[in-house]
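Residue numbers for the sequence shown, in the working numbering: 3 to 344.
The beta carbon of each residue, even a glycine, is placed where N, CA and C say it ideally should be.
Computed from a predicted model, the values in this text were never measured in an experiment.
Read the structure below first, then the notes.
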Amino acid sequence: MTADRPLLLRTGAALAALVLLLVALGVGAAVGETAIPLDVVAKTVANRLWQAGYALEPIDEGIIWNYRLSRAVVAACCGSALALSGVILQSLLRNALADPYILGISAGASTGAVAVAILGIGAGMLTLPIGAFIGALVAFGLVSVLAVRAGRGTSAIILAGVAGSQLFNALTSFIVTKAANAEQARGIMFWLLGNLSGVRWPDVWLALPVAILGLLVCLLHARALDAFTFGTESAASLGIPVRRVYVVLIAISALMTAVMVSIVGSIGFVGLVIPHAARMVVGVRHGLLLPASALIGAIFMIAADVLSRVIIPGQVLPIGVITALFGAPAFALILSQRRSAL
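Below, the structure written as structure tokens:
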């Protein structure tokens with residue numbers, strides 16, 4: 003009986019997390035300019051997935067299924083993926099301030115996606131996610147080279163990330179200004195602030211597998227991430243294939259960031275703040291930290307999306323504005339408490 007207790011606790015925690023996520027998705031689909039009861043959301047899902055035959059208002063059912071639910075699912079995937087990327091980068095680089103946004107990975111992904119969309123790079127063979135993935139890898143490579151040349155102090159990677167982020171943001175603005183027409187420029191500039199307005203079910207079938215794959219890959223490397231907390235030499239002494247793990251985890255972090263950026267644009271502070279919040283709840287062991295970060299990130303992004311739709315009546319704010327309003331003060335707090343990180 004005693005031996006079964008940890009298994010029961012893990013199972014209970016997993017079920018509780020699943021229920022919490024489903025409730026958050028339900029709230030994300032119910033709350034908006036037109037409030038819809040949660041039971042209508044549940045009946046809509048039952049009708050669409052299992053042909054339950056509930057009699058519902060076609061307008062309410064259409065709003066839930068075609069607009070809000072897909073948006074909530076993509077928001078959850080985006081929050082989970084960015085939070086996982088933050089955990090990976092903070093562990094591998096041993097820097098509490100590392101995340102895809104600050105290190106310029108998001109900016110590089112934006113540049114890659116814009117280059118494909120506007121300049122037609124790849125002659126139609128490259129999709130937006132692939133272009134964003136290439137841009138994210140290029141950005142991280144450039145930041146790594148800059149950091150190595152600047153020195154191996156903990157501040158080098160952050161300063162290099164700021165420089166790389168500014169460079170790729172400037173490249174994106176240059177491409178938009180030079181090659182985009184007025185309509186494209188307006189759409190892309192709004193998208194770069196983080197935009198879930200155009201998300202539909204085809205975006206779900208891209209975001210959901212990537213988020214699940216990212217979580218599984220991270221969980222498979224949870225022990226290695228624990229070892230990296232003490233440095234690469236300690237990880238190697240424990241039998242961790244440092245170079246292979248580093249490449250795999252950086253690649254999955256870049257992939258998750260790139261796919262989410264290609265769908266919703268560049269969203270800051272999620273990968274920075276959520277891992278710290280998760281550590282306060284479950285501690286530093288990555289076997290718990292990774293799923294906790296994914297769950298908290300998903301709920302945070304759903305809540306941010308709901309706020310973006312209701313905070314100003316009749317107007318939808320870019321979701322990046324909401325995350326920055328919460329993330330910037332949290333960043334300042336982390337910065338003030340961890341002076342040794344810079």
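Straight-line Cα distance separating S264 from A224: 27 Å
DSSP beta-bridge partners of I314: Q317
Within the stretch 224 to 276, ranges of the alpha helix (DSSP H) (whole runs, at least 4 residues): 224 to 230, 234 to 239, 244 to 266
Where R96 falls: helix, strand or coil (DSSP): coil
Spatial neighbours of I276 in its chain, beta-carbon cut-off 8 Å, leaving aside the 5 residues before and after: G81, L84, A85, G88, S295, I298, G299, F302
Continuous alpha helix (DSSP H) stretch holding I104: start and end: From DSSP, I104 is part of no alpha helix (DSSP H); its letter is neither H nor E.
Nonlocal neighbours in the same chain, by C-beta distance under 8 Å from N49, ignoring five residues either side: G55, Y56, L58, E63
Rounded Cβ spacing between D143 and T113 (contact assumed at less than 8 Å): The sequence given here has Gly at residue 143, not Asp. G143 to T113, Cβ: 13 Å. No contact.
Rounded separation between A15 and V25 - CA only: 15 Å
Any 3 or more C-beta pairs closer than 8 Å across the stretch 198 to 212 and the stretch 324 to 331: no
Per-residue DSSP class, three states only, for T13: helix
Beta-carbon proximity list for L195, same chain, < 6 Å, skipping 5 on both sides: P320, G322
Sub-8 Å separation of G30 and V308 beta-carbons: yes
CA-to-CA distance, I104 to S342, given in whole angstroms: Only weak support is given to the placement of S342: the predicted model assigns it a pLDDT of 47, under 50, and the question is left unresolved by the model.
CB of I120 within 8 Å of CB of Q186, strictly: yes
I172 classed as buried or exposed, judged by whether at least 16 other C-beta atoms fall within 10 angstroms: For clarity, residue 172 is Ala in the given sequence; the question names Ile instead. Burial call: exposed.
Counted within 10 angstroms of its Cβ, other Cβ atoms place M262 as buried (16 or more) or exposed: buried
Start-to-end residues for the alpha helix (DSSP H) that takes in N68: That residue, N68, is in no alpha helix (DSSP H); it is neither H nor E in DSSP.
I104: CB within 7 Å of a non-hydrogen atom of the ligand MG: Absence of the ligand MG from the depicted structure is noted, as is the absence of any ligand whatsoever, leaving it without description.
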